[in-house]
Amino acid sequence: MLWLDEEYGEGGYWYFNPKNYARPMYKKPKQAEETPDVSMAGLENTAIKGIKSIIDTKDENEEEYRSQLENLSFTTREMAPSQVIPLDDAKKIVEDIAQPLVKIDCICRRMTRATLEGDERPRSCLALGVGMLSWELTPERYKGGVEFISPEEAKKFLEYWNKKGMVHTIMTFGKTIEGAPYIGGLCNCDYPDCIAIRFRNDYGVKGLLKGEYVARVDYDRCKGCGSCVSRCQFGAIKKEVTMNKANIDMFRCFGCGLCKEACPESAITLIDRNSIPLLKDEW
């Protein structure tokens, strides 16, 4: 079982616990100065600097390279873990759990593509929770502007990006009143733009956790059309030529469900990762 579920799920998935969306809204300036920078991509900047150091070290000192990778994985996992979730779970969050809901620009695409989402480009991420009631306090983070939306609008927003092939991920920023990672974002991500996916795929940095599910193919229903293959951001699906069927490597599957949503034969289902002994510790 995922440690976040054990410690903060209260019998369920941690991102379904409303307590994990609540935190003291603001702190005194002195306290804020002592708190790690989680605004304007403070953690992302820290991670990027870490990766640069890792790249510089890779060909010079193998032991130092591995040590830095482990340290960065630990830092991102402890300070700001994120997790892949499927569309249905994302919809439940915006409908029943988190308020307010605000469309914002993607900080990853701003940093990696020099692209600012806003009036001319559709915003692709959602900010969640009470912190957005005073978003003006961090204007640099919200250069692309903000747009408050209803739960129904948020569900349509998620469906739109799901059809585009984006992976839904829960993002955390700081700590809640209960001490759990504070859930403040629901992002729509893709490789290589998304820093979290890129770090996980390219370097094995486990700040981005696998989802609570894995995908499974019903070979009796699969027609081998291949619609699912290009949807996978993690290289977990291939088409078996000899069988003319899709095949999913469950050890590489992140449980995002993009393949499931694309299958015209409903041949792919999501099952609980914990139901498979070999996968229950694969996060």
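Each residue of the sequence shown is one higher than the last, beginning at 753 in my numbering.
Beta carbons: idealized from backbone N, C-alpha and C, even for Gly.
Query                                                                                                                                                        : Result
In whole angstroms, what separates the C-alpha of C1015 from that of R973?                                                                                   : 10 Å
Below 8 Å, can you find three or more Cβ-Cβ pairs linking the region 832-848 to the region 920-928?                                                          : yes
Helix, strand or coil: which one does DSSP assign to S979?                                                                                                   : coil
Quick check: the Cα distance between N940 and N813, rounded to an integer number of angstroms?                                                               : 36 Å
Do T928 and R829 have their C-beta atoms closer together than 8 Å?                                                                                           : no
What distance in whole Å lies between the Cβ atoms of C877 and G937, which are believed to be in contact at a cut-off of 8 Å?                                : 6 Å
Buried or exposed for D789, going by 16 or more other Cβ atoms inside 10 Å?                                                                                  : No answer about D789 holds up, because its pLDDT of 44 lies below 50 and its placement is not dependable.
Cα separation between G931 and V993?                                                                                                                         : 50 Å
Between E1013 and the rest of its own chain, which residues show a CB-CB distance below 7 Å, the 5 nearest in sequence each way excluded?                    : L839, N914
Take I1023 and list the residues in its own chain whose beta-carbon comes closer than 7 Å to its own, dropping the five residues that flank it on each side. : Y965, V966, R968
Can you say whether F900 is buried or exposed, counting buried as having 16 or more other CB atoms within 10 angstroms of its CB?                            : exposed
Classify L880 as helix, strand or coil using the three-state DSSP reduction.                                                                                 : strand
At which residues does the alpha helix (DSSP H) containing Y955 begin and terminate?                                                                         : 947-955
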